[in-house]
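Asker:
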Amino acid sequence: MLEIWLSVILVTLYVLYSYITRVKNNAPGPSNWPVFGCLFQLESSRLHISLDRWAKKFGPLMLCKMGSTNVYVISCPRLMKKAFAEKGYSDILNDRPDTFIAKYIMDDSKGVIFGKYGPTFTRMRKIMYNGLKMYGVGVQQFETMAHKELDKLVQSISDLEGKDFDPKPILSRSLANLIGILLTGSMVDESDADLIWEYNKNFNDTFELSTEFILYAFPFLRFMPVEMGRTYRRLMEAKKQLQDKFFILHKETYVPGHKRGLIDVLFNLQSQDESNGDTQWLTDSQIKAFIQDIIVAGLLTTRNGLLCILLVLLHHHDSVERMYEEIVDVVGLERFPSLKDRPTMPYTEAVIMEALRYVTHAPLGVPHGAMEDVELEGYIIPKGSKLITNYWTAHHDPAIWGDPWMFRPDRFLDDNGELLPPEHTLRQSLVTFGTGKRVCVGENLAKSRIFLYLTTLIQKFDFRLPKEGTVPSDDPRTFLPGALLRPQDYMMRLTVR
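Each residue of the sequence shown is one higher than the one before, starting from 1167 at the first, in my numbering.
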(Lines of atoms letter the chains of each structure in order from A and count residues from 1; the text may use other names and numbers.)
(Lines give C-alpha, C1' and ligand atoms only; values in the text may rest on other atoms or scores of the structure.)
Protein backbone atom coordinates (compact mmCIF):
# COMPACT_ATOMS: atom_id res chain seq x y z
CA MET A 1 0.00 0.00 0.00
CA LEU A 2 2.82 2.37 0.89
CA GLU A 3 4.51 1.67 -2.45
CA ILE A 4 1.30 2.58 -4.29
CA TRP A 5 1.02 5.89 -2.46
CA LEU A 6 4.70 6.68 -3.08
CA SER A 7 4.21 5.96 -6.78
CA VAL A 8 1.18 8.26 -6.91
CA ILE A 9 3.10 11.03 -5.16
CA LEU A 10 6.13 10.68 -7.46
CA VAL A 11 3.98 10.68 -10.60
CA THR A 12 2.08 13.72 -9.31
CA LEU A 13 5.31 15.58 -8.55
CA TYR A 14 6.66 14.71 -12.00
CA VAL A 15 3.51 15.97 -13.72
CA LEU A 16 3.56 19.18 -11.69
CA TYR A 17 7.26 19.71 -12.38
CA SER A 18 6.76 19.19 -16.13
CA TYR A 19 3.77 21.52 -16.09
CA ILE A 20 5.56 24.28 -14.17
CA THR A 21 8.67 23.98 -16.36
CA ARG A 22 6.61 24.18 -19.55
CA VAL A 23 4.79 27.30 -18.33
CA LYS A 24 8.01 28.90 -17.14
CA ASN A 25 9.46 28.74 -20.64
CA ASN A 26 6.41 30.35 -22.16
CA ALA A 27 4.86 33.81 -22.17
CA PRO A 28 3.85 35.19 -18.77
CA GLY A 29 0.33 34.69 -17.53
CA PRO A 30 -1.87 33.62 -14.64
CA SER A 31 -1.30 30.38 -12.76
CA ASN A 32 -3.02 27.31 -14.13
CA TRP A 33 -4.62 24.14 -12.88
CA PRO A 34 -3.83 20.91 -14.73
CA VAL A 35 -6.60 20.05 -17.23
CA PHE A 36 -8.66 23.21 -16.48
CA GLY A 37 -5.96 25.86 -16.86
CA CYS A 38 -7.12 29.27 -15.60
CA LEU A 39 -10.83 28.72 -16.28
CA PHE A 40 -11.72 28.78 -12.58
CA GLN A 41 -10.13 32.24 -12.19
CA LEU A 42 -12.17 33.91 -14.92
CA GLU A 43 -15.29 35.98 -14.52
CA SER A 44 -17.20 33.79 -16.95
CA SER A 45 -19.69 36.47 -18.02
CA ARG A 46 -17.12 39.30 -18.08
CA LEU A 47 -14.06 37.69 -19.61
CA HIS A 48 -12.76 41.02 -20.91
CA ILE A 49 -12.56 42.34 -17.33
CA SER A 50 -10.46 39.37 -16.20
CA LEU A 51 -8.15 39.68 -19.19
CA ASP A 52 -7.81 43.44 -18.64
CA ARG A 53 -6.76 42.85 -15.04
CA TRP A 54 -4.20 40.24 -16.07
CA ALA A 55 -2.88 42.36 -18.94
CA LYS A 56 -2.01 45.09 -16.45
CA LYS A 57 -0.03 42.52 -14.47
CA PHE A 58 1.55 40.34 -17.17
CA GLY A 59 1.88 42.69 -20.13
CA PRO A 60 0.61 42.99 -23.72
CA LEU A 61 1.28 39.33 -24.63
CA MET A 62 0.28 36.70 -22.11
CA LEU A 63 -0.59 33.02 -22.03
CA CYS A 64 -3.88 32.00 -20.50
CA LYS A 65 -4.37 28.24 -20.51
CA MET A 66 -8.07 27.58 -21.08
CA GLY A 67 -8.64 23.89 -20.61
CA SER A 68 -5.90 22.16 -22.57
CA THR A 69 -5.63 24.99 -25.11
CA ASN A 70 -2.84 27.55 -25.30
CA VAL A 71 -4.57 30.92 -25.57
CA TYR A 72 -2.32 33.92 -26.19
CA VAL A 73 -3.93 37.27 -25.42
CA ILE A 74 -2.66 40.36 -27.28
CA SER A 75 -3.60 43.60 -25.55
CA CYS A 76 -1.88 46.42 -27.41
CA PRO A 77 -2.51 47.84 -30.92
CA ARG A 78 1.17 47.79 -31.92
CA LEU A 79 1.47 44.07 -31.24
CA MET A 80 -1.86 43.31 -32.95
CA LYS A 81 -0.62 44.99 -36.12
CA LYS A 82 2.69 43.15 -35.91
CA ALA A 83 1.06 39.75 -35.42
CA PHE A 84 -1.71 40.03 -38.00
CA ALA A 85 -0.51 42.55 -40.60
CA GLU A 86 3.30 42.33 -40.84
CA LYS A 87 5.04 40.10 -43.34
CA GLY A 88 6.41 36.99 -41.70
CA TYR A 89 3.52 36.81 -39.25
CA SER A 90 0.33 37.48 -41.20
CA ASP A 91 0.47 34.22 -43.19
CA ILE A 92 0.99 32.24 -39.99
CA LEU A 93 -1.33 33.86 -37.44
CA ASN A 94 -4.43 34.62 -39.52
CA ASP A 95 -6.00 31.17 -39.48
CA ARG A 96 -9.16 30.38 -37.54
CA PRO A 97 -8.77 27.73 -34.82
CA ASP A 98 -11.23 24.94 -34.24
CA THR A 99 -14.04 26.30 -32.08
CA PHE A 100 -17.45 25.14 -30.92
CA ILE A 101 -19.17 27.87 -32.95
CA ALA A 102 -17.26 27.00 -36.13
CA LYS A 103 -17.90 23.27 -35.87
CA TYR A 104 -21.45 23.01 -34.60
CA ILE A 105 -23.09 26.25 -35.77
CA MET A 106 -21.15 27.54 -38.79
CA ASP A 107 -21.10 24.24 -40.71
CA ASP A 108 -17.49 23.23 -39.98
CA SER A 109 -15.83 26.61 -40.55
CA LYS A 110 -17.63 27.50 -43.76
CA GLY A 111 -18.15 31.15 -44.66
CA VAL A 112 -15.82 34.09 -44.11
CA ILE A 113 -15.84 34.95 -40.40
CA PHE A 114 -14.88 31.44 -39.26
CA GLY A 115 -13.41 30.14 -42.53
CA LYS A 116 -9.98 28.56 -42.52
CA TYR A 117 -7.22 30.70 -44.02
CA GLY A 118 -6.44 29.79 -47.62
CA PRO A 119 -7.52 30.29 -51.27
CA THR A 120 -11.20 29.52 -50.62
CA PHE A 121 -11.31 32.03 -47.76
CA THR A 122 -9.66 34.69 -49.96
CA ARG A 123 -12.17 34.09 -52.74
CA MET A 124 -15.16 34.13 -50.37
CA ARG A 125 -13.93 37.33 -48.75
CA LYS A 126 -13.66 39.04 -52.13
CA ILE A 127 -17.23 38.02 -52.97
CA MET A 128 -18.46 39.43 -49.66
CA TYR A 129 -16.65 42.73 -50.23
CA ASN A 130 -18.24 43.06 -53.65
CA GLY A 131 -21.62 41.89 -52.43
CA LEU A 132 -21.76 44.42 -49.61
CA LYS A 133 -21.74 47.13 -52.29
CA MET A 134 -19.30 49.47 -50.58
CA TYR A 135 -17.09 50.10 -53.58
CA GLY A 136 -17.56 51.85 -56.92
CA VAL A 137 -21.13 52.32 -58.13
CA GLY A 138 -22.31 50.10 -55.28
CA VAL A 139 -21.99 53.00 -52.85
CA GLN A 140 -24.82 54.84 -54.57
CA GLN A 141 -26.97 51.69 -54.62
CA PHE A 142 -26.45 51.21 -50.90
CA GLU A 143 -27.18 54.84 -50.15
CA THR A 144 -30.42 54.84 -52.14
CA MET A 145 -31.54 51.75 -50.25
CA ALA A 146 -30.55 53.26 -46.91
CA HIS A 147 -32.29 56.60 -47.56
CA LYS A 148 -35.58 54.86 -48.30
CA GLU A 149 -35.37 52.99 -45.02
CA LEU A 150 -34.25 56.10 -43.13
CA ASP A 151 -37.23 58.03 -44.48
CA LYS A 152 -39.52 55.39 -42.97
CA LEU A 153 -37.58 55.52 -39.71
CA VAL A 154 -37.94 59.31 -39.51
CA GLN A 155 -41.69 59.06 -40.09
CA SER A 156 -42.03 56.41 -37.38
CA ILE A 157 -40.12 58.50 -34.85
CA SER A 158 -42.00 61.67 -35.81
CA ASP A 159 -45.19 59.95 -34.65
CA LEU A 160 -43.52 59.59 -31.24
CA GLU A 161 -42.44 63.22 -30.94
CA GLY A 162 -42.19 64.35 -27.36
CA LYS A 163 -42.91 60.85 -26.02
CA ASP A 164 -40.52 58.58 -24.16
CA PHE A 165 -39.66 55.54 -26.26
CA ASP A 166 -37.23 52.64 -26.35
CA PRO A 167 -34.98 53.02 -29.43
CA LYS A 168 -34.05 49.34 -29.62
CA PRO A 169 -37.23 47.94 -31.29
CA ILE A 170 -37.30 50.72 -33.89
CA LEU A 171 -33.62 50.35 -34.76
CA SER A 172 -33.95 46.57 -34.79
CA ARG A 173 -36.72 46.59 -37.36
CA SER A 174 -35.06 49.23 -39.52
CA LEU A 175 -31.69 47.45 -39.62
CA ALA A 176 -33.38 44.09 -40.26
CA ASN A 177 -35.08 45.66 -43.29
CA LEU A 178 -31.73 46.80 -44.67
CA ILE A 179 -30.27 43.31 -44.28
CA GLY A 180 -33.36 41.79 -45.89
CA ILE A 181 -33.02 44.09 -48.89
CA LEU A 182 -29.29 43.36 -49.12
CA LEU A 183 -29.82 39.58 -49.06
CA THR A 184 -33.06 39.16 -50.99
CA GLY A 185 -33.96 42.52 -52.54
CA SER A 186 -37.00 43.02 -50.30
CA MET A 187 -37.81 44.04 -46.74
CA VAL A 188 -38.54 41.41 -44.12
CA ASP A 189 -41.93 40.98 -42.49
CA GLU A 190 -42.37 41.28 -38.73
CA SER A 191 -42.11 37.55 -38.00
CA ASP A 192 -38.90 37.25 -40.03
CA ALA A 193 -37.42 40.28 -38.25
CA ASP A 194 -38.22 38.64 -34.90
CA LEU A 195 -36.58 35.42 -36.10
CA ILE A 196 -33.44 37.27 -37.18
CA TRP A 197 -33.08 38.90 -33.77
CA GLU A 198 -33.81 35.62 -31.94
CA TYR A 199 -30.94 34.06 -33.86
CA ASN A 200 -28.64 37.01 -33.12
CA LYS A 201 -29.43 37.04 -29.40
CA ASN A 202 -28.67 33.36 -28.93
CA PHE A 203 -25.57 33.58 -31.13
CA ASN A 204 -24.26 36.45 -29.00
CA ASP A 205 -24.80 34.47 -25.79
CA THR A 206 -23.13 31.36 -27.23
CA PHE A 207 -20.19 33.23 -28.75
CA GLU A 208 -19.26 34.83 -25.42
CA LEU A 209 -15.73 33.43 -25.21
CA SER A 210 -15.91 31.82 -21.78
CA THR A 211 -19.06 29.96 -22.87
CA GLU A 212 -17.37 29.07 -26.16
CA PHE A 213 -14.35 27.56 -24.39
CA ILE A 214 -16.52 25.51 -22.03
CA LEU A 215 -18.67 24.15 -24.87
CA TYR A 216 -15.60 23.39 -26.97
CA ALA A 217 -14.06 21.41 -24.10
CA PHE A 218 -17.33 19.70 -23.16
CA PRO A 219 -19.55 19.70 -26.29
CA PHE A 220 -22.02 17.24 -24.73
CA LEU A 221 -23.29 20.17 -22.61
CA ARG A 222 -25.22 21.39 -25.65
CA PHE A 223 -27.67 18.55 -25.02
CA MET A 224 -27.89 19.01 -21.25
CA PRO A 225 -30.64 20.83 -19.28
CA VAL A 226 -28.32 23.77 -18.48
CA GLU A 227 -28.67 27.36 -19.71
CA MET A 228 -25.90 27.16 -22.30
CA GLY A 229 -27.49 23.98 -23.64
CA ARG A 230 -30.90 25.62 -23.88
CA THR A 231 -29.35 28.65 -25.59
CA TYR A 232 -27.64 26.38 -28.13
CA ARG A 233 -30.88 24.56 -28.93
CA ARG A 234 -32.77 27.84 -29.38
CA LEU A 235 -29.98 29.02 -31.66
CA MET A 236 -30.11 25.90 -33.80
CA GLU A 237 -33.89 26.10 -34.15
CA ALA A 238 -33.62 29.75 -35.26
CA LYS A 239 -30.83 28.77 -37.67
CA LYS A 240 -33.02 26.12 -39.26
CA GLN A 241 -35.88 28.55 -39.74
CA LEU A 242 -33.54 31.18 -41.21
CA GLN A 243 -32.17 28.67 -43.69
CA ASP A 244 -35.70 27.66 -44.67
CA LYS A 245 -36.55 31.33 -45.26
CA PHE A 246 -33.39 32.75 -46.81
CA PHE A 247 -31.87 29.71 -48.51
CA ILE A 248 -34.40 26.99 -49.34
CA LEU A 249 -37.36 29.18 -50.30
CA HIS A 250 -35.11 31.65 -52.09
CA LYS A 251 -33.43 28.89 -54.11
CA GLU A 252 -36.80 27.47 -55.11
CA THR A 253 -37.75 30.83 -56.65
CA TYR A 254 -34.32 31.58 -58.09
CA VAL A 255 -34.19 32.47 -61.80
CA PRO A 256 -30.72 32.17 -63.39
CA GLY A 257 -29.26 35.54 -64.29
CA HIS A 258 -31.57 37.53 -61.99
CA LYS A 259 -30.12 39.35 -58.99
CA ARG A 260 -32.76 40.18 -56.41
CA GLY A 261 -30.08 40.44 -53.77
CA LEU A 262 -26.78 39.05 -52.53
CA ILE A 263 -28.13 35.50 -52.26
CA ASP A 264 -28.93 35.48 -55.98
CA VAL A 265 -25.38 36.69 -56.67
CA LEU A 266 -24.12 33.58 -54.88
CA PHE A 267 -26.53 31.31 -56.75
CA ASN A 268 -25.36 32.84 -60.04
CA LEU A 269 -21.72 32.13 -59.18
CA GLN A 270 -22.65 28.59 -58.29
CA SER A 271 -24.52 28.14 -61.58
CA GLN A 272 -21.60 29.50 -63.60
CA ASP A 273 -19.36 26.75 -62.25
CA GLU A 274 -21.95 24.14 -63.14
CA SER A 275 -22.51 25.46 -66.67
CA ASN A 276 -18.77 25.65 -67.33
CA GLY A 277 -18.33 22.09 -66.14
CA ASP A 278 -15.99 23.23 -63.37
CA THR A 279 -15.81 21.63 -59.98
CA GLN A 280 -18.28 23.46 -57.77
CA TRP A 281 -16.25 25.38 -55.20
CA LEU A 282 -19.18 27.42 -53.85
CA THR A 283 -21.27 24.77 -52.10
CA ASP A 284 -24.72 25.07 -50.55
CA SER A 285 -23.11 24.82 -47.10
CA GLN A 286 -20.84 27.76 -47.87
CA ILE A 287 -23.77 29.86 -49.08
CA LYS A 288 -25.70 29.04 -45.90
CA ALA A 289 -22.71 30.02 -43.75
CA PHE A 290 -22.30 33.16 -45.88
CA ILE A 291 -25.91 34.14 -45.08
CA GLN A 292 -25.26 33.54 -41.38
CA ASP A 293 -22.14 35.74 -41.58
CA ILE A 294 -24.15 38.63 -43.02
CA ILE A 295 -26.96 38.28 -40.47
CA VAL A 296 -24.57 38.15 -37.51
CA ALA A 297 -21.89 40.62 -38.61
CA GLY A 298 -24.27 42.94 -40.38
CA LEU A 299 -26.89 43.39 -37.68
CA LEU A 300 -25.98 42.77 -34.08
CA THR A 301 -22.75 44.76 -34.10
CA THR A 302 -24.33 47.78 -35.82
CA ARG A 303 -27.44 47.83 -33.61
CA ASN A 304 -25.39 47.50 -30.42
CA GLY A 305 -23.02 50.17 -31.67
CA LEU A 306 -25.84 52.59 -32.43
CA LEU A 307 -27.59 51.95 -29.10
CA CYS A 308 -24.31 52.56 -27.27
CA ILE A 309 -23.59 55.77 -29.20
CA LEU A 310 -27.12 57.11 -28.68
CA LEU A 311 -26.79 56.51 -24.94
CA VAL A 312 -23.41 58.26 -24.86
CA LEU A 313 -24.86 61.24 -26.74
CA LEU A 314 -27.78 61.46 -24.30
CA HIS A 315 -25.14 62.05 -21.63
CA HIS A 316 -23.20 64.51 -23.83
CA HIS A 317 -25.73 66.85 -25.40
CA ASP A 318 -22.99 69.33 -26.29
CA SER A 319 -21.68 66.82 -28.82
CA VAL A 320 -25.16 66.49 -30.34
CA GLU A 321 -25.32 70.25 -30.86
CA ARG A 322 -21.85 70.42 -32.41
CA MET A 323 -22.78 67.61 -34.79
CA TYR A 324 -26.01 69.40 -35.71
CA GLU A 325 -24.11 72.62 -36.48
CA GLU A 326 -21.74 70.68 -38.72
CA ILE A 327 -24.65 68.95 -40.49
CA VAL A 328 -26.35 72.29 -41.14
CA ASP A 329 -23.12 73.78 -42.52
CA VAL A 330 -22.24 70.84 -44.78
CA VAL A 331 -25.55 69.18 -45.66
CA GLY A 332 -28.23 71.71 -44.87
CA LEU A 333 -31.77 70.68 -44.01
CA GLU A 334 -33.25 69.95 -47.43
CA ARG A 335 -31.65 66.59 -48.15
CA PHE A 336 -30.47 63.53 -46.26
CA PRO A 337 -26.81 63.37 -45.27
CA SER A 338 -24.77 61.41 -47.80
CA LEU A 339 -21.63 59.31 -47.55
CA LYS A 340 -19.93 61.86 -49.81
CA ASP A 341 -20.32 64.36 -46.94
CA ARG A 342 -18.15 62.33 -44.55
CA PRO A 343 -14.77 63.80 -45.60
CA THR A 344 -16.02 67.31 -44.81
CA MET A 345 -17.55 66.45 -41.42
CA PRO A 346 -14.53 65.88 -39.16
CA TYR A 347 -16.31 66.43 -35.85
CA THR A 348 -19.01 63.88 -36.67
CA GLU A 349 -16.34 61.36 -37.66
CA ALA A 350 -14.45 62.10 -34.44
CA VAL A 351 -17.59 61.47 -32.37
CA ILE A 352 -18.09 58.08 -34.02
CA MET A 353 -14.43 57.12 -33.58
CA GLU A 354 -14.39 58.20 -29.95
CA ALA A 355 -17.69 56.50 -29.12
CA LEU A 356 -16.53 53.22 -30.64
CA ARG A 357 -13.25 53.49 -28.71
CA TYR A 358 -14.83 54.52 -25.43
CA VAL A 359 -17.52 51.84 -25.50
CA THR A 360 -15.60 49.05 -27.32
CA HIS A 361 -18.81 47.03 -27.45
CA ALA A 362 -16.93 44.12 -29.07
CA PRO A 363 -14.25 43.85 -26.36
CA LEU A 364 -12.58 40.69 -27.71
CA GLY A 365 -12.06 39.74 -31.33
CA VAL A 366 -12.81 36.44 -33.05
CA PRO A 367 -9.94 34.08 -32.11
CA HIS A 368 -7.03 33.64 -34.50
CA GLY A 369 -5.08 30.42 -34.93
CA ALA A 370 -1.36 29.74 -35.39
CA MET A 371 -0.66 27.60 -38.49
CA GLU A 372 2.99 27.04 -37.53
CA ASP A 373 5.32 27.64 -34.61
CA VAL A 374 6.36 31.29 -34.60
CA GLU A 375 8.40 33.57 -32.35
CA LEU A 376 6.63 36.76 -31.27
CA GLU A 377 8.20 39.28 -28.89
CA GLY A 378 10.73 36.65 -27.82
CA TYR A 379 8.16 33.95 -27.05
CA ILE A 380 7.40 30.85 -29.07
CA ILE A 381 3.73 30.51 -30.02
CA PRO A 382 3.23 26.83 -30.86
CA LYS A 383 1.29 25.62 -33.86
CA GLY A 384 -2.39 25.16 -33.02
CA SER A 385 -2.46 27.89 -30.38
CA LYS A 386 -5.34 30.35 -30.22
CA LEU A 387 -4.80 34.11 -30.14
CA ILE A 388 -7.31 36.58 -28.75
CA THR A 389 -7.24 40.29 -29.56
CA ASN A 390 -8.05 42.20 -26.39
CA TYR A 391 -9.52 45.41 -27.82
CA TRP A 392 -10.93 46.39 -24.42
CA THR A 393 -7.50 46.90 -22.86
CA ALA A 394 -6.04 48.38 -26.07
CA HIS A 395 -8.73 51.08 -26.15
CA HIS A 396 -8.51 51.94 -22.45
CA ASP A 397 -4.75 52.04 -21.92
CA PRO A 398 -3.81 55.28 -20.10
CA ALA A 399 -0.35 55.14 -21.68
CA ILE A 400 -1.98 55.65 -25.10
CA TRP A 401 -5.14 57.61 -24.38
CA GLY A 402 -4.31 59.57 -21.20
CA ASP A 403 -7.90 59.73 -19.95
CA PRO A 404 -9.42 56.56 -21.47
CA TRP A 405 -12.62 56.66 -19.41
CA MET A 406 -13.52 60.14 -20.65
CA PHE A 407 -15.67 60.56 -23.76
CA ARG A 408 -13.69 63.24 -25.59
CA PRO A 409 -14.11 63.36 -29.39
CA ASP A 410 -11.61 66.22 -29.70
CA ARG A 411 -8.78 63.78 -29.04
CA PHE A 412 -9.12 62.77 -32.72
CA LEU A 413 -8.97 66.37 -34.00
CA ASP A 414 -5.98 68.62 -34.57
CA ASP A 415 -5.69 72.27 -33.57
CA ASN A 416 -7.59 73.29 -36.72
CA GLY A 417 -10.53 71.02 -36.02
CA GLU A 418 -9.57 68.52 -38.73
CA LEU A 419 -9.26 64.77 -38.24
CA LEU A 420 -5.82 63.57 -37.23
CA PRO A 421 -4.06 61.91 -40.18
CA PRO A 422 -4.42 58.11 -40.46
CA GLU A 423 -0.77 57.60 -39.52
CA HIS A 424 -1.18 59.45 -36.19
CA THR A 425 -0.56 57.31 -33.11
CA LEU A 426 -4.13 57.62 -31.86
CA ARG A 427 -5.64 56.72 -35.23
CA GLN A 428 -3.27 53.76 -35.45
CA SER A 429 -4.28 52.69 -31.93
CA LEU A 430 -7.97 52.54 -32.83
CA VAL A 431 -8.50 48.89 -33.79
CA THR A 432 -12.28 48.66 -33.48
CA PHE A 433 -12.63 46.44 -36.56
CA GLY A 434 -9.39 44.52 -36.20
CA THR A 435 -6.32 44.64 -38.39
CA GLY A 436 -4.58 42.65 -41.09
CA LYS A 437 -6.08 40.00 -43.36
CA ARG A 438 -8.84 39.25 -40.87
CA VAL A 439 -10.01 42.84 -40.47
CA CYS A 440 -13.81 42.90 -40.31
CA VAL A 441 -15.13 42.43 -43.85
CA GLY A 442 -18.17 44.54 -42.98
CA GLU A 443 -16.17 47.52 -41.64
CA ASN A 444 -17.18 49.92 -44.42
CA LEU A 445 -20.80 48.80 -44.27
CA ALA A 446 -20.94 49.25 -40.49
CA LYS A 447 -19.28 52.67 -40.53
CA SER A 448 -21.52 53.83 -43.37
CA ARG A 449 -24.73 52.77 -41.63
CA ILE A 450 -23.68 54.32 -38.32
CA PHE A 451 -22.82 57.58 -40.08
CA LEU A 452 -26.10 57.73 -42.06
CA TYR A 453 -28.31 56.77 -39.12
CA LEU A 454 -26.69 59.16 -36.64
CA THR A 455 -26.51 62.16 -38.95
CA THR A 456 -30.08 61.66 -40.18
CA LEU A 457 -31.45 61.40 -36.64
CA ILE A 458 -29.53 64.48 -35.48
CA GLN A 459 -30.51 66.45 -38.59
CA LYS A 460 -34.21 65.77 -37.99
CA PHE A 461 -34.45 65.55 -34.19
CA ASP A 462 -33.03 66.92 -30.98
CA PHE A 463 -32.00 64.30 -28.42
CA ARG A 464 -33.61 64.66 -25.00
CA LEU A 465 -33.64 62.73 -21.75
CA PRO A 466 -36.91 60.92 -20.98
CA LYS A 467 -39.59 62.77 -19.04
CA GLU A 468 -39.91 59.88 -16.61
CA GLY A 469 -37.15 57.89 -15.00
CA THR A 470 -33.44 58.15 -15.66
CA VAL A 471 -31.14 56.77 -18.31
CA PRO A 472 -28.47 54.24 -17.29
CA SER A 473 -24.81 55.14 -17.10
CA ASP A 474 -22.92 55.36 -20.37
CA ASP A 475 -19.82 53.88 -18.68
CA PRO A 476 -19.19 50.67 -20.65
CA ARG A 477 -17.92 48.96 -17.49
CA THR A 478 -21.57 48.83 -16.39
CA PHE A 479 -22.89 47.30 -19.64
CA LEU A 480 -24.50 43.88 -19.88
CA PRO A 481 -22.03 41.10 -20.77
CA GLY A 482 -21.87 38.93 -23.86
CA ALA A 483 -19.72 38.58 -26.96
CA LEU A 484 -21.02 42.10 -27.62
CA LEU A 485 -21.55 44.42 -24.68
CA ARG A 486 -24.87 46.24 -24.56
CA PRO A 487 -26.29 48.93 -22.31
CA GLN A 488 -29.24 48.42 -20.05
CA ASP A 489 -32.50 49.10 -21.88
CA TYR A 490 -33.27 52.81 -21.77
CA MET A 491 -35.85 55.34 -22.85
CA MET A 492 -35.18 58.56 -24.73
CA ARG A 493 -37.15 61.41 -26.26
CA LEU A 494 -36.72 63.04 -29.65
CA THR A 495 -38.24 66.36 -30.67
CA VAL A 496 -38.57 67.47 -34.26
CA ARG A 497 -36.21 70.32 -35.10
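Just so you know, even glycine gets a beta-carbon here, dropped at the ideal spot from N, CA and C.
Where does Arg1615 fall in DSSP's three states?
Answerer: Helix, per DSSP.
Asker: From the DSSP output, which residues share a beta bridge with Ile1240?
Answerer: Its beta-bridge partners are Leu1227 and Thr1555.
Asker: Is the beta carbon of Thr1555 less than 7 Å from the beta carbon of Ile1279?
Answerer: No, the Cβ-Cβ distance between Thr1555 and Ile1279 is not below 7 Å.
Asker: How would you write the range of the alpha helix (DSSP H) that Asp1628 sits in, first residue to last?
Answerer: No alpha helix (DSSP H) holds Asp1628; the beta strand (DSSP E) holding it covers Phe1627 to Arg1630.
Asker: Let me make sure I understand the geometry here. Which of Gln1321, Phe1433, Val1597 and Arg1501 has the alpha-carbon closest to that of Glu1520?
Answerer: The shortest Cα separation from Glu1520 among Gln1321, Phe1433, Val1597 and Arg1501 belongs to Val1597.
Asker: Measuring CB atoms only, is the region 1499–1513 touching the region 1533–1548, in the sense that at least three cross pairs come out at less than 8 Å?
Answerer: The region 1499–1513 is not in contact with the region 1533–1548.
Asker: DSSP on His1527, reduced to helix/strand/coil?
Answerer: The answer is coil: DSSP assigns His1527 none of H, G, I, E or B.
Asker: Given Val1525, which residues of its chain have a CB within under 6 Å of its CB, disregarding the five upstream and five downstream residues?
Answerer: Closer than 6 Å at Cβ, skipping near neighbours: Cys1474 and Pro1642.
Asker: Roughly how many angstroms lie between the CA atoms of Glu1487 and Gln1625, to the nearest whole one?
Answerer: If I take the Cα positions, the gap works out to 10 Å.
Asker: Pull up the distance between the alpha-carbon of Lys1425 and that of Val1431, whole angstroms please.
Answerer: If you take the alpha carbons of Lys1425 and Val1431, they lie about 6 Å apart.
Asker: Count Cβ pairs between the region 1395–1405 and the region 1490–1498 that sit closer than 8 Å; are there 3 or more?
Answerer: No, because fewer than three Cβ pairs between the region 1395–1405 and the region 1490–1498 fall closer than 8 Å, the two stretches do not touch.
Asker: Under the three-state reduction of DSSP, which class applies to Val1392: helix, strand or coil?
Answerer: Coil at Val1392, not helix or strand.
Asker: Looking at Leu1466 and Pro1653, is the spacing between their C-beta atoms short of 7 Å?
Answerer: No, the pair does not count as a contact, with Cβ atoms beyond the cut-off.
Asker: Return yes when the Cβ of Ala1193 is within less than 7 Å of the Cβ of Tyr1545, no when it is not.
Answerer: Their beta carbons are under 7 Å apart, which means Tyr1545 touches Ala1193 by this criterion.
Asker: To the nearest angstrom, how far is the alpha carbon of Val1201 from that of Phe1599?
Answerer: Approximately 33 Å between the Cα atoms of the pair.
Asker: From the DSSP secondary-structure annotation, give me the bridge partner or partners of Phe1331.
Answerer: Answer by DSSP bridge pairing, in chain order: Met1658.
Asker: Going by DSSP, what residue range makes up the beta strand (DSSP E) through Ile1546?
Answerer: Segment Tyr1545 to Ile1547, the beta strand (DSSP E) holding Ile1546.
Asker: If I'm right that Leu1480 touches Val1637 with Cβ under 8 Å, what's the distance once you round it to whole angstroms?
Answerer: Correct: roughly 5 Å between the Cβ atoms.
Asker: Check Met1232 in the structure and name its three-state DSSP category.
Answerer: Strand, per DSSP.
Asker: Is the Cβ-Cβ distance between Leu1208 and Ser1197 less than 7 Å?
Answerer: Cβ atoms of Leu1208 and Ser1197: not closer than 7 Å.
Asker: At 3 residues or longer, and completely inside the region 1250–1300: list those beta strand (DSSP E) runs for me, N to C.
Answerer: You should have found no qualifying run.
Asker: Taking just the CA atoms, how far does Lys1633 sit from Phe1331?
Answerer: One C-alpha to the other measures close to 10 Å.
Asker: Pick from Gly1225, Trp1571 and Met1402: whose alpha carbon is nearest that of Gly1195?
Answerer: Out of Gly1225, Trp1571 and Met1402, Gly1225 has the C-alpha closest to the C-alpha of Gly1195.
Asker: In angstroms with no decimal places, state the Cα-to-Cα distance between Gly1302 and Glu1609.
Answerer: For Gly1302, the pLDDT reaches just 48, beneath the cut-off of 50, and the residue's location in the model is therefore unreliable, leaving the point undetermined.
Asker: Looking at Tyr1382: is its Cβ nearer than 7 Å to the Cβ of Phe1266?
Answerer: Cβ distance < 7 Å, so Tyr1382 and Phe1266 count as in contact.
Asker: Can you name the start and end residues of the beta strand (DSSP E) that Val1201 belongs to?
Answerer: Unbroken run through Val1201: none, as it is neither H nor E.
Asker: Which class does Glu1538 belong to by DSSP, given the choice of helix, strand or coil?
Answerer: Three-state DSSP puts Glu1538 in coil, outside helix and strand.
Asker: Buried or exposed for Asn1368, going by 16 or more other Cβ atoms inside 10 Å?
Answerer: Buried.
Asker: Between the alpha carbons of Ser1324 and Gly1254, how many angstroms are there, rounded?
Answerer: Between Ser1324 and Gly1254, the C-alpha separation is close to 55 Å.
Asker: Which residue from Thr1591, Ala1455 and Gly1602 puts its Cα closest to that of Lys1276?
Answerer: If we check each option's Cα against that of Lys1276, Ala1455 comes out closest.
Asker: Can you look up Leu1466 in the DSSP assignment and give me helix, strand or coil?
Answerer: Leu1466: helix per DSSP, three-state reduction.
Asker: Just the C-alpha distance for Pro1647 and Leu1415, rounded to the nearest angstrom, thanks.
Answerer: Going by the C-alpha atoms only, they are around 35 Å apart.
Asker: Check Arg1593 in the structure and name its three-state DSSP category.
Answerer: Helix.
Asker: Consult DSSP for Leu1664 and reduce its assignment to one of helix, strand or coil.
Answerer: No answer is possible for residue 1664: it lies beyond the span of the chain, which begins at 1167 and ends at 1663.
Asker: Would Val1496 and Asp1507 be called neighbours here (beta carbons separated by less than 7 Å)?
Answerer: For Val1496 and Asp1507, yes; Cβs fall inside 7 Å.
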